[in-house]
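The structure appears right after this line, and notes come after that.
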Amino acid sequence: MLKTFSKGGVHPPENKLSANKPIQELGLPTHVTIPLGMHLGVPAKAIVQKGDTVKVGQLIAEKNGFVSANIHSPYSGKVAKIDKALDASGYTRDAIFIDVEGDEWMDTIDRSDALKITCELSPEEILQRISEAGIVGLGGATFPSHVKLAVPRGKTAEYLIINGVECEPYLTADHVLMMEKAEELLVGIHILQKGLQVEKAIIGIENNKPDAIAKLSELAKKYTGIRVQALKVQYPQGGEKQLINAVIGREVPSGALPIEVGAVVFNVGTAYAVYEAVQKNKPLFERIVTVTGKSVKETANFKVRIGTPVSQLIEKAGGLPDDTGKVINGGPMMGKALASTEVPIVKGSSGILIMKQTEAQRKPVEPCIRCAKCVSVCPMGLEPYLLMSMGQKGLHERLERDKVMDCIECGSCSYICPSSRPLLDYIRLGKSEVGKIIRSRKK
Amino acid sequence: MNKLITVSPSPHVHSGQSVNKLMYGVVLAMVPALLASVLFYGMGAIVVTLVSVASCLLFEYLIQKFILKTPVRISDGSALVTGILLAFNLPSNLPWWIIMVGALVAIGIGKMTFGGLGNNPFNPALVGRVFLLISFPVQMTKYPVPAGISTPYQSTVEGFTGATPLGVIKEGLKAGESFSDLAHKIPSYLDMFLGNMGGSMGEVAGVALLIGLVYMLVRKIITWHIPVSILGTVVVFSGILNLANPEVYAGPMFHILTGGLLLGAIFMATDYVTSPMNPLGMLIYGIGIGLLTVIIRVFGAYPEGVSFAILIMNGFVPLLNRYIKPKRFGEEVKNG
Chain V
522 MLKTFSKGGV
532 HPPENKLSAN
542 KPIQELGLPT
552 HVTIPLGMHL
562 GVPAKAIVQK
572 GDTVKVGQLI
582 AEKNGFVSAN
592 IHSPYSGKVA
602 KIDKALDASG
612 YTRDAIFIDV
622 EGDEWMDTID
632 RSDALKITCE
642 LSPEEILQRI
652 SEAGIVGLGG
662 ATFPSHVKLA
672 VPRGKTAEYL
682 IINGVECEPY
692 LTADHVLMME
702 KAEELLVGIH
712 ILQKGLQVEK
722 AIIGIENNKP
732 DAIAKLSELA
742 KKYTGIRVQA
752 LKVQYPQGGE
762 KQLINAVIGR
772 EVPSGALPIE
782 VGAVVFNVGT
792 AYAVYEAVQK
802 NKPLFERIVT
812 VTGKSVKETA
822 NFKVRIGTPV
832 SQLIEKAGGL
842 PDDTGKVING
852 GPMMGKALAS
862 TEVPIVKGSS
872 GILIMKQTEA
882 QRKPVEPCIR
892 CAKCVSVCPM
902 GLEPYLLMSM
912 GQKGLHERLE
922 RDKVMDCIEC
932 GSCSYICPSS
942 RPLLDYIRLG
952 KSEVGKIIRS
962 RKK
Chain S
7 MNKLITVSPS
17 PHVHSGQSVN
27 KLMYGVVLAM
37 VPALLASVLF
47 YGMGAIVVTL
57 VSVASCLLFE
67 YLIQKFILKT
77 PVRISDGSAL
87 VTGILLAFNL
97 PSNLPWWIIM
107 VGALVAIGIG
117 KMTFGGLGNN
127 PFNPALVGRV
137 FLLISFPVQM
147 TKYPVPAGIS
157 TPYQSTVEGF
167 TGATPLGVIK
177 EGLKAGESFS
187 DLAHKIPSYL
197 DMFLGNMGGS
207 MGEVAGVALL
217 IGLVYMLVRK
227 IITWHIPVSI
237 LGTVVVFSGI
247 LNLANPEVYA
257 GPMFHILTGG
267 LLLGAIFMAT
277 DYVTSPMNPL
287 GMLIYGIGIG
297 LLTVIIRVFG
307 AYPEGVSFAI
317 LIMNGFVPLL
327 NRYIKPKRFG
337 EEVKNG
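First to last, the protein sequences are chains V and S.
Going letter by letter, the first sequence gives residues 522 to 964 in the working numbering.
Going letter by letter, the second sequence gives residues 7 to 342 in the working numbering.
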């Protein structure tokens with residue numbers, strides 16, 4: 522029996538259409554937009570001004586506080602303006618606009634492909650490099666990585682867990698990265714082990730990627746303490762708490778961080794970014810993005826620099842199909858529908874999913890028949906039907922008591938509901954209300 | 007870019023599961039039992055089923071259209087399920103007008119007064135059946151004996167109708183006979199399992215009901231919790247009584263195979279709307295039904311207690327949902 526997490530879960534059709542597509546480079550755009558708030562926490566503070574010339578890899582915005590991240594220019598050219606721009610979140614927020622000119626990189630960046638295995642840096646120096654490089658969780662949550670690496674006093678990290686699950690249907694960015702950059706990835710994991718001073722590192726990969734499991738298992742033999750754990754395909758296994766539960770059998774308590782049970786989790790993309798930052802001195806300004814969908818002509822995995830308009834990726838994948846109904850930043854379960862394809866790729870963009878008109882509409886809502894399927898699929902052991910109706914009625918105290926804040930918004934409840942009820946919509950509403958109440962209590 | 011695209015919150019895909027699919031899945035699961043009753047009772051079973059289903063659909067339509075003035079949704083399959091289940095709980099020779107009264111009570115009082123599908127606290131088909139049982143006790147307890155089958159217990163009641171094995175035992179024990187005296191008056195366990203006995207038209211063929219159970223479990227329409235906890239409780243409780251005094255108390259096998267226990271445990275107690283919302287609640291509910299069934303059968307005035315037991319436990323469901331919570335993730339910190 523393959524391991525998986527203990528509670529709930531669903532298994533949507535995997536649709537990994539782009540699984541065998543190699544990583545492709547994109548051409549240079551002419552204008553790019555770099556949002557300052559593309560990570561979790563406080564937005565970065567711009568340190569360039571209109572008219573400044575910037576190089577690829579140059580620091581253009583500084584982290585603003587501990588839970589924040591540096592931003593480096595992905596392109597060379599001139600800063601056109603610093604202004605509000607619509608981004609993938611659907612909000613209009615501060616961003617740096619750059620007019621691209623040429624492709625001039627910072628000299629400090631090692632642009633060679635040569636694998637560099639040895640790392641002589643101390644844990645503090647590693648942490649420093651990662652923090653400077655503006656690395657955030659590339660699985661989608663975009664949590665600044667240096668925060669995770671700074672283990673609080675009194676806690677020890679026992680396990681470094683590397684997330685190669687990619688449980689979202691359609692997405693293949695992590696899969697192709699594991700196949701094409703396996704060596705670099707393992708060096709990145711090794712560096713993270715050193716930075717955290719943990720012996721055991723486990724790469725969790727779902728069983729629908731047997732090639733990645735085989736390749737990494739074979740290569741991992743060269744490294745001490747790194748092993749691969751094959752997992753049963755089950756959504757949302759890529760959720761941090763679910764992955765920890767699946768791999769080491771521990772449950773992170775409500776409201777606590779993974780370090781509480783001795784675990785630190787990084788996505789494979791993040792581990793690769795760590796390799797580039799520490800070994801190649803290359804800050805985080807590009808990532809792998811899947812462009813996919815049933816109607817997409819040429820599904821692909823692109824190596825994309827931050828700030829590139831989504832439309833350019835779609836163009837390269839054969840253009841926006843005529844019957845497009847929805848464009849999603851991310852996967853179909855947790856991704857955000859975009860209001861425009863002109864928004865830029867950000868650090869957290871793992872894929873662009875194009876859905877046909879026929880797939881884009883929700884089914885009409887029917888009465889709850891109390892089938893309890895939402896309860897049985899909830900990976901957090903919550904009661905979505907109840908949270909929805911309490912959210913509608915504004916019963917915030919009961920929502921809090923029934924652990925609405927534990928919801929990870931995986932969408933399994935809305936996915937399974939035979940009456941097509943918008944369970945997660947109302948749970949989100951409840952969460953935001955209860956969140957406000959909790960915050961006001963702390964003041 | 008001047009194309010209009012939809013913006014909506016995640017998730018952007020759906021399982022394709024629907025109320026219709028679930029309801030028709032239940033209907034499909036009931037087909038073996040329906041075929042068995044047609045086999046045993048012939049035309050009577052077909053007539054009862056048709057009258058019951060047609061009346062349930064008709065009353066739901068009329069109430070939605072003219073009284074509640076809400077969209078008519080009789081095609082969702084729930085009234086169809088209620089209609090078949092009501093028929094399953096009736097003798098196959100019941101006059102058509104009594105069936106219609108039962109359907110009116112089931113749909114009208116059992117379901118629509120509470121707001122329709124999803125809101126009714128009690129299983130509508132059982133509300134209908136119990137109403138008929140109390141209002142028409144004579145017609146409701148004279149069961150035709152399966153055609154062409156002769157078993158010794160037929161002779162105990164006049165004519166072509168007979169009591170159920172449960173009724174035979176109840177009357178016999180009351181008259182002072184012991185269980186071993188009565189043994190020859192009831193069918194063999196094999197006959198009971200196949201359905202060769204008196205009873206409501208859909209409840210007799212244990213084997214057909216079990217096929218339905220397996221189908222619903224495989225298709226994940228229901229989970230094992232409710233049927234297993236009911237049947238398990240009946241086995242344990244009646245087993246203990248039987249061990250204490252086998253001359254007065256029937257054994258587990260007899261309880262499982264007779265009356266409406268299998269029908270109740272598989273199709274009635276598992277009704278989504280009127281059963282608990284999480285596994286622990288379901289187990290408690292099932293244990294309650296099992297205990298009450300045996301108590302009513304053994305110590306109560308009625309020979310059969312499944313319907314009452316389910317309705318009583320239906321009443322406890324809101325309480326169970328309120329106080330029995332699923333185990334939250336991270337509630338107990340496991341460090342293994």
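Beta carbons are placed, not taken as given, at the ideal position from N, Cα and C, and that holds for glycine.
- Using a CB distance cut-off of 7 Å, S:Arg-334 counts as an interface residue toward chain V.
- Within the region 180 to 200 of chain S, contact with chain V at the beta-carbon level (separation under 8 Å) is assigned to no residue.
- The beta carbons of V:Val-955 and V:Leu-920 sit closer together than 7 Å.
- Runs of the beta strand (DSSP E) spanning 3 or more residues and lying entirely within the region 818 to 870 of chain V occur at 821 to 826 and 845 to 850, in chain order.
- Chain-order list of chain S residues neighbouring V:Cys-892: Leu-28 and Tyr-278, by C-beta distance under 8 Å.
- Contact check for S:Gly-321 against S:Thr-239 fails: the beta carbons are separated by 7 Å or more.
- Within the same chain, Cβ atoms closer than 6 Å to the Cβ of V:Leu-859 are found at Val-848 and Asn-850, the five residues on either side in sequence being excluded.
- Membership of V:Pro-731 in any beta strand (DSSP E) is not indicated; the residue belongs instead to the alpha helix (DSSP H) covering 731 to 741.
- If you check each beta-carbon in the region 840 to 859 of chain V against every beta-carbon of chain S, the ones closer than 9 Å belong to Leu-841, Asp-843, Thr-845, Gly-846, Lys-847, Val-848, Ile-849, Gly-851, Gly-852, Pro-853, Met-854, Met-855, Gly-856, Lys-857, Ala-858 and Leu-859.
- In the three-state reduction of the DSSP assignment, S:Thr-299 falls in the helix class, which pools H, G and I.
- Measuring C-alpha to C-alpha distances from V:Trp-626 to each of V:Gln-913, V:Pro-595 and V:His-917 identifies V:Pro-595 as the nearest.
- Residue range 552 to 556 is occupied by the beta strand (DSSP E) that includes V:His-552, with no alpha helix (DSSP H) assigned at that position.
- For V:Glu-687, there are no C-beta contacts with chain S under 8 Å, since the nearest C-beta of that chain is about 16 Å from it.
- V:Gln-882 reaches chain S at Thr-12, counting residues in chain order whose Cβ is nearer than 8 Å.
- Between the region 583 to 593 of chain V and the region 873 to 891 of chain V there are fewer than three inter-stretch CB-CB distances shorter than 8 Å, so the stretches are not counted as touching.
- Within the model, the alpha-carbon separation for S:Leu-74 versus S:Phe-120 is close to 11 Å.
- The C-beta of S:Leu-123 comes closer than 7 Å to at least one C-beta of chain V.
- Contact between the region 172 to 182 of chain S and the region 302 to 312 of chain S is present, with at least three C-beta pairs closer than 8 Å.
- Residue contact with chain V for S:Met-283: present (Cβ-Cβ distance below 7 Å to some residue of chain V).
- When the beta-carbon positions are compared, V:Cys-934 and V:Leu-950 stay at least 7 Å from each other.
- In the DSSP assignment, S:Gly-204 forms no beta bridge with any residue.
- Between V:Gly-783 and V:Ala-678, the beta carbon gap of about 6 Å places them in contact (Cβ cut-off 8 Å).
- In the DSSP annotation of this structure, V:Met-911 is not part of any beta strand (DSSP E); the continuous alpha helix (DSSP H) holding it starts and ends at 905 to 914.
- Residue-level contact by beta carbon fails for S:Gln-145 and chain V, as no gap is shorter than 7 Å.
- In this structure, DSSP gives S:Tyr-308 a state outside helix and strand, which the three-state scheme calls coil.
- With fewer than three CB-CB distances shorter than 8 Å, the region 91 to 104 of chain S does not count as touching the region 245 to 260 of chain S.
- Ranked by how close their Cα comes to the Cα of V:Arg-962, the residues V:Pro-534, V:Val-708, V:Ala-751 and V:Glu-918 have V:Glu-918 in first place.
- Only residues of its own chain outside the window of five on either side were considered, and among them Thr-88, Ala-112, Gly-116 and Lys-117 have a CB closer than 6 Å to the CB of S:Pro-130, listed in chain order.
- Three or more Cβ pairs closer than 8 Å define a contact, and the region 250 to 270 of chain S meets that threshold against the region 188 to 202 of chain S.
- By the Cβ criterion, the region 862 to 880 of chain V is in contact with the region 549 to 561 of chain V, since at least three pairs of Cβ atoms, one from each stretch, lie closer than 8 Å.
- With a contact defined as Cβ atoms closer than 8 Å, V:Ile-875 and V:Ser-816 qualify at about 6 Å.
- Just so you know, the alpha carbons of V:Glu-727 and V:Val-697 end up roughly 14 Å apart.
- Identification of residues in the region 242 to 263 of chain S having a C-beta nearer than 7 Å to some C-beta of chain V yields an empty set.
- Nearest neighbour of V:Gly-872 by Cα position, chosen from V:Asn-591, V:Met-901, V:Ile-809 and V:Ala-616, turns out to be V:Ile-809.
- In this structure S:Val-19 does not touch S:Ile-227 by the C-beta definition: roughly 21 Å separates them, more than the 8 Å allowed.
- For S:His-18, the nearest CB of chain V lies under 7 Å from its own CB, placing it at the interface with that chain.
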